[in-house]
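Novice: So the sequences go chain by chain: A and B. Its first residue numbered 0, the first sequence is counted upward by one per residue in numbering that gives the first Met the number 0. Its first residue numbered 0, the second sequence is counted upward by one per residue in numbering that gives the first Met the number 0. Before anything else, here's the structure in question.
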Amino acid sequence: MPSYQSFLSAVKAEVKETDVQAVKPLLDDPGRTVLVDIRERDEWTQGYIPGALWISRGFLESKIEDAVPDRDTPVVLYCAGGNRSAFAAKALQQMGYTDVASMAGGFTAWKRSGLPWKMPTVLTPEQSQRYSRHTLLPEIGEAGQIKLMESSALCIGAGGLGSPSSLYLAAAGVGTIGMIDDDVVDASNLQRQILHNLDRVGMAKVDSAEKTLRGLNPDLQVKKFQDRLTSDNVMEVLAPFDVIVDGADNFQTRYLVNDAALKLGKPVVHASIFRFEGQITVFPAEGGPCYRCLYPEPPPPEEAPSCSEAGVLGVLPGIMGVLQATETVKLMLGLGQTLAGRLLVYDALKTKFRELKLRRDPKCPTCGEGVDRSKIELIDYVQFCAGG
Amino acid sequence: MANVRIPTPLRKLTEGKEEVTCAGATVRAVLDDLDRQHPGIKARICDDSGAVRKFINLFANDEDIRFLQNLDTPVADRDELSIVPAIAGGR
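Here's what the structure looks like:
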């Protein structure tokens with residue numbers, strides 16, 4: 000019966016070993032190579048090699064196929080000292096992986112050589128519990144949850160659409176939510192704007208939003224802008240956010256958001272509501288179509304009554320805003336297929352969803368062929384409609 | 000006969016009906032028949048030159064007619080023509 004030492008030596012003789020200096024170039028250019036940290040969770044949380052994937056030794060065989068589906072992909076494994084990774088390399092070889100190496104000396108040698116490493120973002124026990132229904136989904140997992148926590152969204156308007164979208168994004172664990180709205184809470188808002196309540200009538204909507212959202216999720220950072228978007232501030236306001244959630248209540252803001260987002264290369268999750276009808280789509284960061292492909296020009300003011308003049312079913316923005324939050328989370332996680340190129344029209348009276356195809360207009364002034372997006376000029380349109 | 004879907008803002012002109020059945024072999028002919036049944040509605044959809052207004056889209060089934068043959072896009076029996084205007088509400 001072999002001793003541990005002789006077993007280890009026999010395994011090491013059968014696997015390829017590499018060293019930290021040979022692994023170092025992967026930091027800048029990993030190419031196809033996948034670096035896998037196979038240590039236990041409490042080791043990994045104390046620091047790991049940037050770019051490495053963490054799959055603890057115990058789950059390696061069951062998880063490697065999802066992480067590295069192609070058996071010919073070069074894989075480098077490391078543990079703390081280079082022994083566990085040798086056994087792991089042997090196991091992967093037996094599973095048919097053709098190019099597996101174990102990093103001799105492991106993470107200890109890596110650190111000792113003064114090579115860069117970093118601390119991973121990990122969920123606290125409270126967060127693990129809070130987001131367990133997310134992390135249970137293999138499509139999200141802990142990595143996806145951390146991605147959400149490192150993501151940011153800007154909700155334009157803290158009203159009918161901004162209420163449900165920001166609430167669900169905060170609940171989902173999105174790290175930073177920006178809210179821009181220059182208005183104060185009015186009793187007539189409460190029929191649909193579920194961020195606010197009766198005690199807050201007269202309070203700035205962004206302050207009320209912050210209170211509600213942080214009450215729901217104290218980890219959340221809220222960036223408040225008690226302002227209207229103009230050509231002067233739009234670039235600065237939009238720039239720090241990953242996804243723009245457009246719930247504006249007027250055409251001039253919507254065109255401004257479209258143009259600035261194209262300049263900045265940000266995706267816009269667009270929704271609008273009118274009486275019993277809602278529309279939603281995603282304008283992607285790259286390619287198109289954009290808002291101007293859909294509607295080249297805004298309607299004249301007399302044809303664009305606002306909710307305050309035309310009325311709106313209170314639940315309608317709830318549905319549309321929650322759809323916006325869904326699309327936003329998908330964009331942040333790179334999950335599924337978004338509504339880019341599709342306009343979803345919801346008729347609440349008939350309970351009918353219709354899906355219409357949106358195409359990028361090659362002659363679109365902002366996303367058409369040959370348009371240099373950095374040169375898009377931002378315009379403050381005249382007041383098209385009275386607003387909110 | 001095509002089914003024309005009337006958006007909320009234009010239902011004042013169709014006595015509240017959200018769907019109107021119209022005859023016509025092209026989008027243009029369907030709109031003319033719609034206007035015969037509900038006078039004044041075409042002027043809300045098309046401008047004085049007869050072109051579709053730029054804040055309104057017409058979809059033949061799920062395709063935007065601007066990317067087909069515009070008002071000359073053929074319409075078959077039981078096709079659906081959707082009128083989709085820009086709306087901006089968010090609050």
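Note that beta-carbon positions come from the ideal geometry of N, C-alpha and C, so glycine has one too. In this text, all values refer to a predicted model and were calculated from it rather than measured experimentally.
#1: Closer than 7 Å, Cβ to any Cβ of chain D: which residues of the segment 241 to 261 of chain A, in chain order?
#2: Check residue 373(A) in the structure and name its three-state DSSP category.
#3: Let me know if residue 360(A) comes out buried or exposed under the rule of 16 or more other beta-carbons within 10 Å of its beta-carbon.
#4: Does the beta-carbon of residue 19(B) have 16 or more other beta-carbons within 10 angstroms, so that it is buried, or is it exposed?
#5: Does the contact criterion of 3 or more C-beta pairs under 8 Å hold for the segment 41 to 60 of chain B versus the segment 283 to 298 of chain A?
#6: For a contact meaning CB atoms closer than 7 Å, what does residue 344(A) contact in chain B?
#7: Among all the DSSP beta bridges, which residues are the ones paired with residue 17(A)?
#8: Return the first residue and the last residue of the beta strand (DSSP E) that residue 177(A) is part of.
#9: Under three-state DSSP, which class holds residue 387(A)?
#10: Got a sec? Which residues, its chain only, sit under 6 Å from residue 161(A) by beta carbon, not counting five neighbours each side?
#11: Starting from residue 258(A) and walking both ways along the alpha helix (DSSP H), at which residues does that stretch end?
#12: Leaving out five residues before and five after residue 215(A) in sequence, what residues of the same chain have Cβ atoms less than 7 Å from its Cβ?
#13: Give the interface partners of residue 61(B) over in chain A, defined as CB-CB distance under 7 Å, in chain order.
#14: Please confirm whether residue 21(B) and residue 9(B) have their CB atoms less than 9 Å apart.
#15: With DSSP as the reference, label residue 165(A) as helix, strand or coil.
#16: Checking contacts by CB at 9 Å: is residue 275(A) closer than that to chain B?
#17: Quick check on the burial criterion: 16 or more other C-beta atoms within 10 angstroms. Buried or exposed for residue 39(B)?
#18: Looking at the C-beta of residue 360(A), does it have a partner C-beta in chain B at a distance below 9 Å?
#19: Counting only beta-carbon separations shorter than 9 Å, does residue 2(B) have a partner in chain A?
#20: Excluding the 5 residues flanking residue 283(A) on each side, which residues of the same chain have their C-beta closer than 6 Å to its C-beta?
#21: Given a limit of 9 Å on CB to CB distance, which residues of the segment 41 to 56 of chain B reach chain A?
#22: Which residues of chain A have a Cβ atom closer than 7 Å to the Cβ of residue 8(B), listed in chain order?
#23: Please determine if the segment 216 to 236 of chain A and the segment 169 to 183 of chain A are in contact, where contact requires at least 3 C-beta pairs separated by less than 8 Å.
#24: Please work out which residues of its chain come closer than 6 Å, Cβ to Cβ, to residue 198(A), disregarding the five sequence neighbours upstream and downstream, and give them in chain order.
#25: Return the CA-CA distance between residue 384(A) and residue 48(A), expressed in angstroms with no decimal places.
#26: My understanding is that residue 158(A) touches residue 90(B), with C-beta atoms under 8 Å, so please give their C-beta distance in whole angstroms.
#27: Compare the C-beta of residue 166(A) with all C-beta atoms of chain B and state if any pair is closer than 9 Å.
#28: Along the chain, which unbroken stretches of the beta strand (DSSP E) at least 3 residues long are found entirely within the segment 266 to 310 of chain A?
#29: Let me make sure I understand the geometry here. Which of 113(A), 333(A), 211(A), 231(A) has the alpha-carbon closest to that of residue 378(A)?
#30: At the level of alpha carbons, what is the spacing between residue 315(A) and residue 248(A)?
Specialist: With the given structure in hand:
#1: Looking at the structure shown, chain D is missing, and the protein chains on hand are A and B.
#2: helix
#3: Buried.
#4: buried
#5: yes
#6: Near residue 344(A) (Cβ distances below 7 Å), the residues of chain B are 83.
#7: Answer is 102(A), bridged to residue 17(A).
#8: 175 to 179
#9: Because residue 387(A) sits at a pLDDT of 36, beneath the cut-off of 50, its placement in the model cannot be relied upon, and the following sentence gives the value as read from the coordinates. DSSP places residue 387(A) in the coil class of the three-state scheme, outside both helix and strand.
#10: 154, 246
#11: 250 to 263
#12: If we look at residue 215(A) and ignore the five residues flanking it on each side, its Cβ neighbours are 166, 169, 170.
#13: 354, 355, 356
#14: Contact: no.
#15: helix
#16: Residue 275(A) belongs to the set of residues whose beta carbon lies under 9 Å from a beta carbon in chain B.
#17: It counts as exposed.
#18: Yes - at least one Cβ of chain B is within 9 Å of the one on residue 360(A).
#19: no
#20: 266, 339
#21: Cβ contacts with chain A: 43, 52, 53, 54, 55, 56.
#22: 273
#23: Contact between the segment 216 to 236 of chain A and the segment 169 to 183 of chain A is established, with three or more Cβ pairs separated by less than 8 Å.
#24: none
#25: With a pLDDT of 42 at residue 384(A), under the threshold of 50, the modelled position of this residue cannot be trusted, and the question is left open.
#26: 3 Å
#27: no
#28: 267 to 273, 276 to 282
#29: 231(A)
#30: 14 Å
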